[in-house]
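Working notes, structure below.
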Amino acid sequence: MINRRLRWAPWILGCGLLLGTLACGAITAEQVKQRLASKITSKWKTQGLKIWVVPYSAESTNKGRFKKITVMASSVIVSGVKMSPVSISAEDVTLDLGKLLRENRVVTTKRRASHFSAKVSQSSLNVALAHKETPIQNLACTLGNGTLTFTGTYRMGFGANLKLEGVLECPDHYKLNFVPKRASVSGVPLPAGPLKTLLSRMNPLIDFRTVPLSPRVEKITISSGTLTISG
Numbered sequence: 002m003i004n005r006r007l008r009w010a011p012w013i014l015g016c017g018l019l020l021g022t023l024a025c026g027a028i029t030a031e032q033v034k035q036r037l038a039s040k041i042t043s044k045w046k047t048q049g050l051k052i053w054v055v056p057y058s059a060e061s062t063n064k065g066r067f068k069k070i071t072v073m074a075s076s077v078i079v080s081g082v083k084m085s086p087v088s089i090s091a092e093d094v095t096l097d098l099g100k101l102l103r104e105n106r107v108v109t110t111k112r113r114a115s116h117f118s119a120k121v122s123q124s125s126l127n128v129a130l131a132h133k134e135t136p137i138q139n140l141a142c143t144l145g146n147g148t149l150t151f152t153g154t155y156r157m158g159f160g161a162n163l164k165l166e167g168v169l170e171c172p173d174h175y176k177l178n179f180v181p182k183r184a185s186v187s188g189v190p191l192p193a194g195p196l197k198t199l200l201s202r203m204n205p206l207i208d209f210r211t212v213p214l215s216p217r218v219e220k221i222t223i224s225s226g227t228l229t230i231s232g
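Residues are numbered in the numbering used here as their position in the sequence shown, beginning at 1, plus a constant of 1.
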């Protein structure tokens, strides 16, 4: 029990110091940057993480408003999917400092503009699919020019070859979903009921609402072996 308390002591002390400076009206852009880094590294596996927080003024910083915040990483794993590289930025952005410092949450309340770019390889997507709980054994995907194809063995009391062909859509700009155009089991069209159940287990492939600064997805490009997401 003592060791457990000691392990949390630095984090609790850090929060106390940050909350103290906030109460005194002395929060700085550097402290916000450190808090963002702490949040990101505690929730996602990252490599090459870099963060820039550009302030307007001390007064604006105390209100959570910044000229620009940029987050870049050589790789980030979100929802089990490795994205590499990743670049997120927001201009004239306002953060809820209370939630950031007291609840360890990154909540964007306002932003004038944002930019986002990430790439996912076919192999990275397949690694994530291997950990999804679905009625499909050996579920795997192939990224083609504009299309995505899933294959596997559908468990229906007996093994049957499944094939799904379709596209990726993000109608709410955050949840990346697979939308099938053709679905078959051993060459026979898959009924709507089982297909709906299967998709509910697969989607969303990635939910960007959980990513810092909540980047909006505006464009999805599927090429041979690579998925590019931008906003």
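For every residue, glycine included, the Cβ atom is placed at its ideal position computed from N, Cα and C.
Can you tell me whether residue i is helix, strand or coil according to DSSP?
| i | result |
| --- | --- |
| G167 | strand |
| E219 | coil |
| G99 | helix |
| T62 | helix |
| S43 | helix |
| T211 | helix |
| T29 | coil |
| N162 | strand |
| S124 | helix |
| S225 | coil |
Measuring CB to CB, does residue i end up less than 8 Å from residue j?
| i | j | result |
| --- | --- | --- |
| L1 | S76 | Limits of the chain in this structure are 2 at one end and 232 at the other, which puts residue 1 out of reach. |
| L126 | L228 | yes |
| L144 | S80 | no |
| L149 | V168 | yes |
| L206 | V82 | yes |
| I230 | G147 | no |
| T95 | K111 | yes |
| I106 | D93 | For the record, residue 106 in the displayed sequence is Arg; it is not Ile. No. |
| E170 | V180 | yes |
From which residue to which residue does the beta strand (DSSP E) around residue i run?
| i | result |
| --- | --- |
| V107 | Where V107 is concerned, there is no enclosing beta strand (DSSP E), given that its DSSP letter is neither H nor E. |
| A183 | A quick correction: the sequence has Arg, not Ala, at residue 183. Looking at the DSSP string, the run of the beta strand (DSSP E) that includes R183 is K176 to V186. |
Quickly, what does DSSP pair residue i with across the bridge? List them, please.
| i | result |
| --- | --- |
| P192 | DSSP lists no partner for P192. |
| Q48 | S76 |
| H132 | According to DSSP, H132 bridges with nothing at all. |
| A141 | T152 |
| A119 | V87 and I230 |
| K34 | In the DSSP output, where bridge partners are listed per residue, K34 has none listed. |
Kindly give me the distance between the Cβ atoms of residue i and residue j, rounded to whole angstroms, as I take these residues to be in contact under 8 Å.
| i | j | result |
| --- | --- | --- |
| L50 | A74 | 5 Å |
| L98 | I28 | 7 Å |
| Y155 | V189 | Incorrect: roughly 11 Å between the Cβ atoms, too far for contact. |
Beta carbon of residue i: closer than 7 Å to some heavy atom of the ligand ZN?
| i | result |
| --- | --- |
| V79 | You won't find the ligand ZN in this model; it holds no ligand whatsoever. |
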